[in-house]
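Everything in the sequence shown is counted per the working numbering, starting at 16 for the first residue and increasing by one.
Encoded as structure tokens, the structure appears first; notes follow it.
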Amino acid sequence: MRGTVMYGAGDVRIENVADATIVEPTDAILRVTRACICGSDLWPYKDLTPDDPPRVMGHEAIGVVEDVGAEVRNVKKGDFVIMPFAFSDGTCEFCEEGLNTSCLHGGFFGNPQIAGAQAEAVRIPQAEGTLYAVPTSEDPAMLGSLLTLSDVMGTGYHAALMAAVGEGDRVAVVGDGAVGLCGVIAAKLLGAEQIIIMGRHAGRLELAKDYGATDVVSERGEEAVERVREITGGSGVHSVLECVGSEQSMLTSMQIVRPGGAVGRVGVPHYAALPETANMFFKNVTVSGGPAPVRAYIEELLPLVMDGEIEPGRVFDRTVVLDGVPDGYRAMNDREALKVMIEP
Ligand SMILES: [Zn+2]
16 MRGTVMYGAG
26 DVRIENVADA
36 TIVEPTDAIL
46 RVTRACICGS
56 DLWPYKDLTP
66 DDPPRVMGHE
76 AIGVVEDVGA
86 EVRNVKKGDF
96 VIMPFAFSDG
106 TCEFCEEGLN
116 TSCLHGGFFG
126 NPQIAGAQAE
136 AVRIPQAEGT
146 LYAVPTSEDP
156 AMLGSLLTLS
166 DVMGTGYHAA
176 LMAAVGEGDR
186 VAVVGDGAVG
196 LCGVIAAKLL
206 GAEQIIIMGR
216 HAGRLELAKD
226 YGATDVVSER
236 GEEAVERVRE
246 ITGGSGVHSV
256 LECVGSEQSM
266 LTSMQIVRPG
276 GAVGRVGVPH
286 YAALPETANM
296 FFKNVTVSGG
306 PAPVRAYIEE
316 LLPLVMDGEI
326 EPGRVFDRTV
336 VLDGVPDGYR
346 AMNDREALKV
356 MIEP
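Take a look at the structure:
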């Protein structure tokens with residue numbers, strides 16, 4: 016079968032890779048209907064070295080179950096399913112608590128150990144706990160929204176929950192990527208009154224407004240902090256959704272949160288230590304977050320997608336076939352595309 020292999024920074028190739036096959040009796044094989052490129056795939060695209068082992072990329076997909084192992088019962092051949100970016104057994108103490116990304120038998124897709132979903136098919140470990148069956152859809156817009164439940168919509172929702180967004184709150188979303196935009200959707204769902212999107216890309220900011228953003232801050236650094244203070248009555252916001260993971264974005268987040276507020280971070284951190292820890296202490300600021308247990312959120316978010324109440328699939332602004340994936344990486348890295356969907 017064909018798949019997307021990353022060899023080093025900027026070096027993405029479409030190649031014949033090992034067929035996805037049942038290895039453990041708890042596995043399933045998923046024939047990929049749609050996959051996509053994630054903002055977090057751009058980190059190795061920028062800094063993977065040729066000394067790092069190559070990997071089949073991709074951790075977001077929807078598709079049709081093609082085969083199941085002997086111990087897989089509640090998922091069957093022919094099911095149309097969402098594949099969350101982490102696999103999990105659904106039964107351990109952490110899965111029971113809804114923290115599937117800490118599953119004792121879990122792991123992540125798209126690394127040197129576990130092949131990813133930017134391919135024709137993918138092996139799903141712990142298929143019973145991992146896959147979530149949904150009604151089949153022929154509507155391309157609906158496919159996009161279902162696909163976001165494998166990562167970005169659930170991740171934006173996690174950021175909003177970790178930032179303790181509540182009714183009537185002032186919220187800032189740092190980052191205008193797909194996760195940030197889904198964070199705007201989530202903040203609105205949770206009742207935020209003011210939602211400030213921080214970014215500079217005109218098309219993305221328009222979509223953010225459609226999703227419920229009330230204010231746009233395009234300044235950077237100190238100026239951005241000043242601007243947020245100005246439009247929040249001087250004190251900053253109750254909740255910050257940090258959706259980038261850079262030192263600068265975390266610094267800005269810590270500076271715009273009001274005393275007693277919370278920062279929910281979902282950007283994979285590319286900093287060694289939290290900035291502004293003294294300020295964090297004296298302002299009684301909570302910092303929370305991590306990899307989103309998106310499997311646990313599908314239950315809540317799926318009905319909203321099916322009813323058309325939320326349309327996270329609008330973050331996809333380009334669709335490519337497998338051969339177009341290397342250029343899709345380039346386009347996202349150049350910020351020419353917001354989020355690229357793959358139709359293998
Ligand atoms: Zn588990």
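Built from N, CA and C at the ideal position, the CB exists for glycine as well.
These numbers were taken from a predicted model, which means no experiment stands behind them.
For the beta strand (DSSP E) containing residue i, list its first residue and its last residue.
i: D230; result: 230 to 232
i: T334; result: 333 to 335
i: N31; result: 26 to 31
Just to confirm before moving on: does the CB-CB distance between residue i and residue j stay below 9 Å?
i: G181; j: L205; result: yes
i: L220; j: I212; result: yes
i: A202; j: G227; result: yes
i: P341; j: R17; result: no
i: G382; j: R273; result: Missing from the structure shown is residue 382; the chain here goes from 16 to 359 and no further.
i: L353; j: A193; result: yes
i: T145; j: G105; result: yes
i: A134; j: V79; result: no
i: V252; j: R185; result: yes
i: R215; j: S233; result: yes
i: Y344; j: V27; result: yes
i: I37; j: V83; result: yes
i: A175; j: A35; result: no
i: G195; j: A223; result: yes
i: M157; j: C197; result: no
i: L57; j: N348; result: yes
i: Y172; j: V96; result: no
i: F123; j: M98; result: no
i: V278; j: S254; result: yes
i: I4; j: D230; result: An answer regarding residue 4 cannot be provided, because it is not within the stretch 16 to 359 covered by the chain.
Is residue i near ligand 1 - that is, is its Cβ less than 8 Å away from at least one heavy atom of it?
i: G131; result: no
i: N115; result: yes
i: L161; result: no
i: L119; result: yes
i: D104; result: yes
i: C197; result: no
i: G144; result: yes
i: F109; result: yes
Which residue from the options puts its Cα closest to that of residue i?
i: Q263; options: S303, G282, P150, V335; result: G282
i: S55; options: E75, D67, T48; result: E75
i: G276; options: T301, V231, Y286, T267; result: T301
i: Q209; options: F296, D332, D322, G183; result: G183
i: I357; options: R350, P318, D332; result: D332
i: E315; options: T36, G125, L161; result: L161
i: N294; options: L266, P306, L317; result: L266
i: V360; options: A142, E234, F102, A179; result: This structure leaves residue 360 out entirely; the chain is present only between 16 and 359.
i: P65; options: A35, E30, G93, M21; result: M21
i: E86; options: I200, A142, G328, S152; result: A142
i: Y312; options: M269, F296, N115; result: N115
i: R88; options: T41, P127, Y172, M177; result: T41
i: A33; options: C107, G113, G131, G249; result: G131
i: R138; options: W58, A288, E81; result: E81
i: A43; options: P59, V90, G23; result: V90
i: G260; options: G304, E238, E237; result: G304
i: L256; options: F296, A207, F297, I246; result: A207
i: T151; options: D94, S117, C258; result: D94
i: D154; options: D338, V320, V355, G339; result: V320
i: P306; options: V71, T292, P68, P284; result: P284
i: S268; options: K61, P290, F100; result: P290
i: G323; options: I200, D62, E112, G25; result: I200
i: E238; options: L317, I271, C53; result: I271
According to DSSP, what are the bridge partners of residue i?
i: C51; result: M356
i: V255; result: A187, V278
i: M72; result: M72 is not bridged to any residue.
i: R46; result: V79, A136
i: Q209; result: R185
i: R17; result: N31
i: S303; result: G279
i: A148; result: V96
i: G23; result: D26
Let's see if you can read the secondary structure: which residues bound the alpha helix (DSSP H) around residue i?
i: V408; result: It is not possible to answer for residue 408, since the shown part of the chain is limited to 16 through 359.
i: E143; result: 142 to 145
i: M98; result: Unbroken run through M98 is the beta strand (DSSP E), 95 to 98; no alpha helix (DSSP H).
i: G159; result: 155 to 163
i: T170; result: 167 to 177
i: T41; result: T41 -> no alpha helix (DSSP H), and no H or E assigned at all.
i: R310; result: 309 to 321
i: T267; result: 262 to 271
i: K203; result: 193 to 204
i: L114; result: Unbroken run through L114: none, as it is neither H nor E.
Answer with yes or no whether the minimum CB distance from residue i to chain D is below 9 Å.
i: G171; result: Absent from the structure: chain D. Only one protein chain is present.
Should residue i be counted as a contact of ligand 2 given a C-beta to heavy atom distance under 8 Å?
i: R280; result: Of the ligands one can find in the structure shown, namely ligand 1, none is ligand 2.
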